[in-house]
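Engineer: Under my numbering, the first residue of the sequence shown is numbered 3, with each subsequent residue one higher.
The C-beta atom is built at its ideal place from N, Cα and C for all residues, glycine as well.
Just so you know, these numbers come straight off a predicted model, no measurement behind them.
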Amino acid sequence: MAEQAGVSKGGLIYHFPSKAALLAGFGQRVLDRIDEAIGRAPSDPSELVRWYLTYEPSDAAEDQLWRSLIAAMHGADEGLQAVVHEACQRYARPLEILEPSLANYVRLVGDGLFFHALLRTPPFPEAEMKRIVTELSERAGHETGPRVR
3 MAEQAGVSKG
13 GLIYHFPSKA
23 ALLAGFGQRV
33 LDRIDEAIGR
43 APSDPSELVR
53 WYLTYEPSDA
63 AEDQLWRSLI
73 AAMHGADEGL
83 QAVVHEACQR
93 YARPLEILEP
103 SLANYVRLVG
113 DGLFFHALLR
123 TPPFPEAEMK
133 RIVTELSERA
143 GHETGPRVR
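1. Going straight from the alpha carbon of S139 to that of E49, what length do you get?
2. Going by C-alpha distance, which of T136, P96, A26, T56 is nearest P44?
3. When you compare only the Cα positions, how much space is there between R109 and W68?
4. Count the other CB atoms within 10 Å of the CB of G29; is the residue buried (16 or more) or exposed (fewer)?
5. Would you call the segment 124 to 140 and the segment 70 to 80 in contact, with 3 or more CB pairs under 8 Å?
6. Among D61, P124, D37, R31, which one has its Cα closest to the Cα of A94?
7. The alpha helix (DSSP H) spanning H87 covers which residue range?
8. Can you tell me whether F116 is helix, strand or coil according to DSSP?
9. Whole angstroms is fine: what's the gap from A84's alpha carbon to D46's?
10. May I ask which residues mark the beginning and end of the alpha helix (DSSP H) holding E140?
11. Within 8 Å: the Cβ of V86 and any heavy atom of the ligand ATP?
12. Please state whether DSSP places P102 in a helix, a strand or coil.
13. Using a 10 Å radius around the Cβ and a threshold of 16 neighbouring Cβ atoms, would you call E5 buried or exposed?
14. Go ahead and pull the three-state DSSP assignment for K21.
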């Protein structure tokens, strides 16, 4: 793990003296990445849906971050599970401007597409994926505006 982080084992232990501290630092990094991503979310409903459904890790390091998170979830303590829950909730917040059932569809489709991207197993041919993204983004574009709370 130290090698992957680009530090010595001693450096890793210095910064993270326990597994719990390491997981807490890892969790904070995940939440920081989520906050960066949602900071770039468009406010237009149609563009928001397109953004959400076409998100891909920006580089190899981010790709590895998400893969590591999935691997760490196996046998994870409640602290890491809470971080994952919070990450999912934060990432879905921009969808709150959509009609609730559409937001749910977009979230479920987006989660599935992201999962397949991490596995590098496209669930559908490219043309079908484009059709799904277009259909849902057009549906969002027909809304009259943000939902009232």
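Structural biologist: Looking at the atomic coordinates:
1. The sequence position of residue 139 within the sequence shown is 137, counting from 1. The sequence position of residue 49 within the sequence shown is 47, counting from 1. The straight-line gap from Cα to Cα measures roughly 7 Å.
2. Counting from one through the sequence shown, the residue named residue 44 turns up at place 42. Of the listed residues, the one whose Cα sits closest to P44 is P96.
3. In the sequence shown, counting from the first residue as 1, residue 109 sits at position 107. In the sequence shown, counting from the first residue as 1, residue 68 sits at position 66. Cα-Cα distance, rounded: 17 Å.
4. Within the sequence shown, numbered from 1, the residue matching residue 29 stands at position 27. G29 should be labelled buried.
5. no
6. By one-based count along the sequence shown, residue 94 stands at place 92. Looking at D61, P124, D37, R31, the one whose alpha-carbon comes closest to that of A94 is D37.
7. Working through the sequence shown from its first residue, we reach residue 87 at position 85. Per DSSP, H87 belongs to the alpha helix (DSSP H) from 80 to 94.
8. As a position in the sequence shown, residue 116 is number 114, starting the count at 1. Collapsing the DSSP output to three states places F116 in a helix.
9. Translated into positions along the sequence shown, residue 84 becomes position 82. Translated into positions along the sequence shown, residue 46 becomes position 44. So the alpha carbons of these two residues sit roughly 30 Å apart.
10. Counting from one through the sequence shown, the residue named residue 140 turns up at place 138. Following the DSSP letters along the chain, one finds E140 inside the alpha helix (DSSP H) bounded by residues 128 to 143.
11. Among the components of this structure there are no ligands whatsoever, and the ligand ATP is therefore not found.
12. As a first step, residue 102 is located in the sequence shown; it is residue number 100 there, counting from the start. Reduced to three states, the DSSP call for P102 is helix.
13. As a working note, residue 5 is residue 3 in the sequence shown. In this prediction, E5 scores a pLDDT of 49, lower than 50, which makes its location untrustworthy; no coordinate-derived value is stated.
14. Looking up residue 21 in the sequence shown gives position 19. Looking at K21 - three-state DSSP - the assignment turns out to be helix.
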